[in-house]
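Visitor: In the numbering used here, the protein residues as written are 8 to 239.
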């Protein structure tokens, strides 16, 4: 029996000691094993018939392509990306207000989305949309609507801000009769929305201005019809 070391029988590098020089190559009879996923490949050397196989691990670093350790799945845009995109944030906020989605509104506000990123017009429109649900809401939904209004007011959404039509949320609420709702008034007064004489006078001025605009528009339309028919 040949008692020489097994690596001398086949020319294979030893299974111990330092890394062999690069010029040493496994013999033609070497049978490589399939590498396991994500690890360096293992090479087996057949040294002699009837003897065991010496198995060594390669020490050089080998990059093995495979699935990453963590592959994030596609999902909705995060609040961080929403905050970096004001237009997207405005759409999300207005859609949540229109649906009176208190959970989404709360998520957008309390988890990092700044309501003040919204334009004054959109902040006012958000309150308009929520107020609109106050009259049609059932008893079960009334609490949800009030929660949404309270959430918006808590985040300092200005109820006195004007939109493009010269409206204010308070003016709309007063005209629609929403302020007659005791629960609604309780929510508004809780966030220091006052109904003093100055506020009511300002609402009256806005109402009169809107009435004057409607009269002027109707008068212009009538004059145009008379002119087109040759009666003027």
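For each residue, glycine too, the CB sits at the ideal point set by N, CA and C.
If you're wondering where the values come from, they're calculated on a predicted model, not measured in any experiment.
Could you tell me the distance, in whole angstroms, from the CA atom of residue 80 to the CA atom of residue 110?
Guide: Position 73 of the chain shown, counted from the first residue, corresponds to residue 80. Position 103 of the chain shown, counted from the first residue, corresponds to residue 110. Interpretation of residue 80 is limited by its pLDDT of 42, a score under 50 that renders its predicted location unreliable; the figure taken from the coordinates is listed afterwards. Cα to Cα, residue 80 sits roughly 23 Å from residue 110.
Visitor: So, helix, strand or coil for residue 108, using DSSP?
Guide: Walking along the chain shown from the start, residue 108 turns up at place 101. It is coil, neither helix nor strand.
Visitor: Comparing alpha-carbon positions, which option in 113, 114 and 133 lies nearest residue 98?
Guide: Looking up residue 98 in the chain shown gives position 91. Among 113, 114 and 133, the Cα nearest to that of residue 98 belongs to 133.
Visitor: Look at the alpha carbon of residue 226 and the alpha carbon of residue 215, and state the distance between them as a whole number of angstroms.
Guide: Start at 1 with the first residue of the chain shown, and residue 226 comes out as number 219. Start at 1 with the first residue of the chain shown, and residue 215 comes out as number 208. Going from the Cα of residue 226 to the Cα of residue 215 covers about 16 Å.
Visitor: What's the C-alpha gap between residue 108 and residue 100?
Guide: Within the chain shown, numbered from 1, the residue matching residue 108 stands at position 101. Within the chain shown, numbered from 1, the residue matching residue 100 stands at position 93. Rounded to the nearest angstrom, the two C-alpha atoms are 10 Å apart.
Visitor: What's the gap between the Cα of residue 241 and the Cα of residue 112?
Guide: Within the shown structure, residues of the chain are numbered from 8 to 239, placing residue 241 beyond reach of any answer.
Visitor: Apply the 10 Å Cβ neighbour rule to residue 222 and answer buried if 16 or more other Cβ atoms are within range, or exposed otherwise.
Guide: For this step, residue 222 is matched to residue 215 along the chain shown. It is exposed - the Cβ of residue 222 has fewer than 16 other Cβ atoms within 10 Å.
Visitor: By how many angstroms is the C-alpha of residue 220 removed from the C-alpha of residue 230?
Guide: Residue 230 sits at position 223 when you count from the first residue of the chain shown. Residue 220 sits at position 213 when you count from the first residue of the chain shown. Taking the straight line joining both Cα atoms gives about 15 Å.
Visitor: Where residue 224 and residue 114 are concerned, what is the direct C-alpha to C-alpha distance, given to the nearest angstrom?
Guide: Position 217 of the chain shown, counted from the first residue, corresponds to residue 224. Position 107 of the chain shown, counted from the first residue, corresponds to residue 114. Taking the straight line from one Cα to the other gives about 43 Å.
Visitor: Using the Cβ count rule (16 or more neighbours within 10 Å means buried), how would you classify residue 218?
Guide: Taking the chain shown and counting its residues from 1, one reaches residue 218 at position 211. Exposed.
Visitor: Under 6 Å Cβ to Cβ from residue 103, same chain only, skipping five residues before and after it: list those, please.
Guide: Start at 1 with the first residue of the chain shown, and residue 103 comes out as number 96. Excluding positions up to five away in sequence, the list reads 111 and 112.
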